[in-house]
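FYI, the numbering used here numbers position 31 of the sequence shown as 33, with every residue one higher than the one before it. The beta-carbon is built from N, C-alpha and C at its ideal position, and this holds for glycine as well.
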Amino acid sequence: MKPENKLSQSVQQLANTNEVTIVQAMGELRKSGKDAVPVLVEALKEKGSLRNIAAAVLGEFGADAEDAAESLANLLESDEEETRMAAAISLMRIGQPSLPFLLPLAKRYEGPTCFWASWCISWIDPSKIEKNMYECLKQEQENPSGNVAPFAAEEALGKIIAFQLKEKGDE
3 MKPENKLSQS VQQLANTNEV TIVQAMGELR KSGKDAVPVL VEALKEKGSL RNIAAAVLGE
63 FGADAEDAAE SLANLLESDE EETRMAAAIS LMRIGQPSLP FLLPLAKRYE GPTCFWASWC
123 ISWIDPSKIE KNMYECLKQE QENPSGNVAP FAAEEALGKI IAFQLKEKGD E
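This is the structure in structure tokens:
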């Protein structure tokens, strides 16, 4: 079997409802290393749990998944909270290569897209947080739109404040 077919088969196994099968498929994809990234990016075009799991698995590759950053950033515009969260966590784990895709989203939008993009930015490089991004995080903390977001907002705001305090201490 061709390596890309084996990878595609592993990605399809991610949609399985059996947790053991999912864990095995994730293990196979991790072993494949960077070669799994294009196949996982392709899976982001699917709907439902496969897309969400593929989005989450991409974060396991860290900066090696930088080619997925743009596709993951586009998922921050999804109507599905689980999709936005999975994409955000992976973008945060990819790190610096995600910033060119996150900054425009955080500047252009309000609501969940701005929130998750700003959350990522606060983890990757809090010096890039602008007033509207801070306000977006604060708004989510005070008027939560979901179950996880207020905790994520608090975490991001803490990162930003810690960064600002450190900057003041370095002066």
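For residue i and residue j, which I take to be in contact (beta-carbon distance under 8 Å), what is that distance rounded to the nearest angstrom?
i	j	result
Leu104	Ser73	About 13 Å separates the two Cβ atoms, so there is no contact after all.
Ala67	Ile96	5 Å
Met126	Ser100	What sits at residue 126 in the sequence shown is Ile, not Met. Yes, they are in contact, since the Cβ atoms of Ile126 and Ser100 sit about 6 Å apart, within 8 Å.
Ser147	Pro114	6 Å
Ala65	Leu77	Not a contact, Cβ separation roughly 19 Å.
Quick check on DSSP: helix, strand or coil for residue i?
i	result
Glu84	helix
Lys49	coil
Phe63	coil
Asn145	coil
Glu79	coil
Ser92	helix
Measuring only the C-alpha atoms, how far is residue i from residue j?
i	j	result
Pro128	Glu30	34 Å
Glu62	Leu52	16 Å
Ala71	Leu107	13 Å
Cys116	Lys109	7 Å
Leu42	Ala57	8 Å
Ala164	Lys170	10 Å
Cys138	Glu112	7 Å
Ala75	Glu142	19 Å
Met94	Ala38	19 Å
Gly160	Gly35	33 Å
Ile123	Gln26	32 Å
Thr85	Asn134	23 Å
Leu60	Glu44	11 Å
Lys33	Gln166	40 Å
Glu157	Asn149	14 Å
Between which two residues does the alpha helix (DSSP H) holding residue i run?
i	result
Ser100	Neither: Ser100 is in no alpha helix (DSSP H) and is coded neither H nor E.
Pro152	151–172
State yes or no: is the C-beta of residue i nearer than 7 Å to some heavy atom of the ligand PLP?
i	result
Gln26	Summarising the ligand content, the structure contains no ligands, and the ligand PLP is consequently not present.
Worksheet item: Which ranges does the alpha helix (DSSP H) cover as unbroken runs of at least 4 residues, wholly within the stretch 107–134, from first to last along the chain?
Response: 113–126, all fully within the stretch 107–134.
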